[in-house]
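Residue numbers (the numbering used here): 12 to 94.
Cβ atoms here follow ideal geometry from the backbone N, Cα and C, with glycine treated the same way.
Below you'll find the structure, written out as structure tokens, and then a few comments.
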Amino acid sequence: MKNKLGRAVILLGSVHEDKVVLVAGVTKDLTGQLKAGDLMKQAAAAVGGKGGGRPDMAQGGGVDAGALDSALALAVPFVEQGI
12 MKNKLGRAVI LLGSVHEDKV VLVAGVTKDL TGQLKAGDLM KQAAAAVGGK GGGRPDMAQG
72 GGVDAGALDS ALALAVPFVE QGI
């Protein structure tokens, strides 16, 4: 997906068996400014969990499925502050 978008920051989330699963991606041209692992730490904390990863790809999860929309919304200010 990142390759098709060109320059992008992606945060995807879903709920599986009452647990939140999150994946974040940052295209390589942006990793000097924005790190997927940093975004994941914020998003996972918002759903009561943990996460991390590489500058270009990260994953995490949590237990508060009701907070998933709020966690996904964190991507916008993350990008705005980073660029």
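What is the rounded straight-line gap between the Cα of residue i and the Cα of residue j?
i	j	result
Val74	Asp40	32 angstroms
Pro66	Thr42	6 angstroms
Gln53	Leu85	8 angstroms
Ile94	Arg18	12 angstroms
Gly36	Ala56	17 angstroms
Could you name the residues that DSSP lists as bridge partners for residue i?
i	result
Lys61	Gly72
Ser25	Val32
Residue range of the beta strand (DSSP E) that residue i falls in?
i	result
Ala35	Lys30 to Val37
Gly93	Premise fails: Gly93 lies in the alpha helix (DSSP H), Ala86 to Gly93, not in any beta strand (DSSP E).
Gly17	Gly17 -> no beta strand (DSSP E), and no H or E assigned at all.
Classify residue i as helix, strand or coil using the three-state DSSP reduction.
i	result
Gly48	helix
Asp67	coil
Gly43	coil
- Query: Between the segment 41-51 and the segment 24-32, do at least 3 Cβ pairs fall closer than 8 angstroms?
  - Reply: no
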